[in-house]
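Q:
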Amino acid sequence: MADLTAGALAARLRTRAFGRPLVVLDQVGSTNDRARELADAGAGEGTTVIARVQTGGRGRHGRRWVSPAGGLWMSVVLRPGLPVPQWPLAGFAAALAAADAVQEVAGVSAGLKWPNDLVVAGRKLGGVLVEAAGSAAVVGVGVNADIDPDALPADLRRTATTLRALTGTGVDLAALAARLLEHFEEYYGLLHQDPAAVVAAWRRRSVTLGQPVRTTGGREVEGVAEDVDGTGALLVRTEAGLVRVVAGEVSLRPAPEAGE
Ligand code: BT5
């Protein structure tokens with residue numbers, strides 16, 4: 028089992044640009060903030076920041092992301108050659124890469140909840156945070172990997188899960204990080220050639236499509252998640268017709284089943 032050191036990761040990494048250079052920190056507020064500082068200073072595409080612990084990990088809408096030791100907390104600087112409305116698809120690419128890496132390294136099959144959550148049996152295993160940083164984008168990925176579920180705060184123990192809880196064994200964090208970066212680079216390359224192929228791959232992993240959903244945190248929309256469009260927006264079939272929902276605006280909750 029390799030510890031998460033820059034050396035262990037570099038020895039496993041087969042990428043062109045992602046993870047190059049690689050900054051591995053013991054502790055940081057948020058890897059997204061550190062990656063943003065590097066992007067502002069001109070860091071190239073693929074520059075990656077990993078921390079063993081985050082003291083101020085962030086989710087979307089300023090929510091907290093709990094980030095104890097044993098998780099994979101990573102951010103990648105991107106300079107997308109895509110129209111800005113398509114940048115959310117970089118989050119799809121990251122979530123797909125995380126799902127592939129988790130499958131290969133831990134044998135765990137995770138579904139994707141729109142927009143970018145990794146879920147197993149309804150519990151959250153990981154998440155993705157896409158932020159614009161001027162002309163760059165920073166994509167943060169968090170995976171609850173080698174974490175004892177008791178290390179999570181009580182309020183998350185019902186809603187979250189970890190690879191250690193699911194497999195009963197440890198997780199090779201360096202291998203997980205390397206596989207994730209490799210797949211992320213592949214999906215990100217595909218995104219520039221054929222964005223519809225990335226959306227199609229996301230659909231195949233989706234646990235959201237076909238489900239009753241309700242949005243919170245912005246515009247309230249309730250209906251059935253019918254599809255995602257070419258920018259990653261969710262299309263919800265409501266009583267008033269098809270409504271397009273953008274990830275930056277809302278969160279998704281399961282809608283009460285009819286009759287409840
Ligand atoms: C996300 O936000 O799912 C995006 C998480 C991104 C984290 C990565 S780690 C590396 C990089 N650096 C950062 O600072 N962030 C990124 P969202 O969909 O808003 O989900 C946040 C919600 O998930 C919280 O309100 C909690 O309910 C729950 N949560 C917090 N920590 C969790 C954890 N470790 N595991 C599962 N659920 C968690």
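Sequential numbering of the sequence shown, starting at 28, is according to this note's numbering.
Quick reminder that beta carbons are idealized off the backbone N, C-alpha and C, glycines included.
(1) Hey, out of 126, 82, 181, whose CA is closest to residue 155's CA?
(2) Would you check if the distance between the CB atom of residue 259 and the CB atom of residue 123 is smaller than 8 Å?
(3) Since residue 100 sits in a beta bridge, which residues does DSSP pair it with?
(4) What residue from 248, 191, 107, 278 has the CA that sits closest to residue 222's CA?
(5) Tell me the DSSP bridge mates of residue 242?
(6) Rounding to the nearest angstrom, what Cα-Cα distance links residue 50 and residue 38 in this structure?
(7) Which value, in whole angstroms, describes the spacing of the CA atoms of residue 58 and residue 77?
(8) Hey, residue 70 and residue 212: beta-carbon distance below 8 Å or not?
(9) Can you name, in chain order, every residue of its own chain whose Cβ lies under 6 Å from the Cβ of residue 62, other than the five neighbours on each side?
(10) Does at least one heavy atom of the ligand BT5 sit under 7 Å from the Cβ of residue 186?
(11) Suppose you measure from the CA of residue 47 to the CA of residue 169; what does that come to, to the nearest Å?
(12) On the DSSP bridge list, what partners appear for residue 254?
(13) Measure from the C-beta of residue 268 to each C-beta in chain D and report whether the shortest distance is under 8 Å.
(14) Under the rule that 16 or more other beta-carbon atoms within 10 Å means buried, what is residue 54, buried or exposed?
A: So, to answer that:
(1) 126
(2) no
(3) 78, 169
(4) 107
(5) 279
(6) 14 Å
(7) 6 Å
(8) no
(9) 76, 102, 104, 165
(10) yes
(11) 19 Å
(12) 262
(13) In summary, chain D is missing from the structure at hand, where a single protein chain is found.
(14) exposed
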